[in-house]
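In our numbering, the protein residues as written are 564 to 850.
Even glycine gets a Cβ: it sits at the ideal position worked out from N, Cα and C.
To keep things clear, I will list the structure first and then write my remarks on it.
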């Protein structure tokens, strides 16, 4: 495999960076990983992380709705507000990615897993089992919320996603596509080993920008769809609530399209994967 060398030797020499060689792509099917405990440990980590993610965030949503419900003696300005909900989602992603990145990669989202699969970062078997674990974790997390807050869970919508009044299906789908693109693009950028090798003098804590991406997307799209950008989050809430299946497909199709676009953009445009694969756009002309 050819070395992937950035232009601009003076900057690299100044910081002592070395030539970078891309790691090999993950195999489509890797039978060996099925025999490793680390593989199953990663699946368990994805399940528990998604469970905790849904438990905290859905509780936050329901708590805000109950505190701001004027019909139940609440204060319309009470509770954490949309800003607090966005912080809950972004903060939990920051915490859980930080905790699980060294075990499973800290996906906690089928769209992220799908994007990394398209980028050849994980095998097909790992991607499928991660998605199953994430969806089961989301169902269990929402189930815990319902068990502990049964009086409020159904009354305040179970934290389920849905298209808000006044918005078309196309608008909702577009919001999910763009929101997921922002998230998955951030994941690729923050975890890019080439960037880490090149910019080793600039410490970047990957969970931080990923958490902030989730936070910012929630600020923008909570009024539109309640913000999905995570099919497991939407699926788990819909299963336990049982009444949020209208337009549910938006919360699968949108995130998967957004993740695919982000993977293509980062891997084949920014990282010039297509150029390397085709061996084109190369010049031997000295400068």
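Can you tell me which of the options puts its alpha carbon nearest to the alpha carbon of residue i?
i, options, result
"residue 797", "680, 733 and 671", "671"
"residue 804", "745, 703, 816 and 645", "703"
"residue 790", "777, 721 and 637", "777"
"residue 618", "686, 746, 700 and 810", "700"
"residue 591", "679, 817 and 819", "679"
"residue 816", "603, 733, 772 and 780", "733"
"residue 603", "647, 688 and 712", "688"
"residue 780", "629, 586 and 653", "653"
"residue 745", "768, 775 and 756", "775"
"residue 647", "665, 705, 635 and 628", "628"
Expressed to the nearest angstrom, what Euclidean distance is found between the alpha-carbon atoms of residue i and residue j?
i, j, result
"residue 784", "residue 738", "7 Å"
"residue 792", "residue 600", "30 Å"
"residue 787", "residue 632", "20 Å"
"residue 663", "residue 607", "10 Å"
"residue 712", "residue 620", "13 Å"
"residue 829", "residue 681", "11 Å"
"residue 841", "residue 825", "Model confidence at residue 841 stands at a pLDDT of 45, short of 50, so the residue's coordinates are unreliable; what they give is reported in the following sentence. Approximately 21 Å, taken between the alpha carbons."
"residue 707", "residue 831", "42 Å"
"residue 624", "residue 655", "13 Å"
"residue 641", "residue 720", "18 Å"
Here's a check: name, in chain order, each residue in its chain whose Cβ is nearer than 6 Å to the Cβ of residue i, leaving out the five neighbours to either side.
i, result
"residue 770", "657, 660 and 661"
Residues in the same chain with beta-carbon distance under 7 Å from residue i, minus the five sequence neighbours each way, listed in chain order, please.
i, result
"residue 741", "821"
"residue 814", "724, 739, 791, 794 and 797"
"residue 801", "723, 807, 808 and 811"
"residue 579", "Reliability fails at residue 579, whose pLDDT of 44 lies under 50, so the model's placement of it is uncertain and the value that follows must be treated cautiously. Correct list: empty, nothing qualifies."
"residue 772", "749 and 753"
Keeping to the same chain, check which residues put their C-beta closer than 8 Å to that of residue i; ignore five residues upstream and five downstream.
i, result
"residue 725", "788, 789, 807, 809 and 810"
"residue 690", "676, 677, 679 and 680"
*For the segment 612–620 against the segment 660–678, are there 3 or more C-beta pairs whose distance is under 8 Å?*
yes
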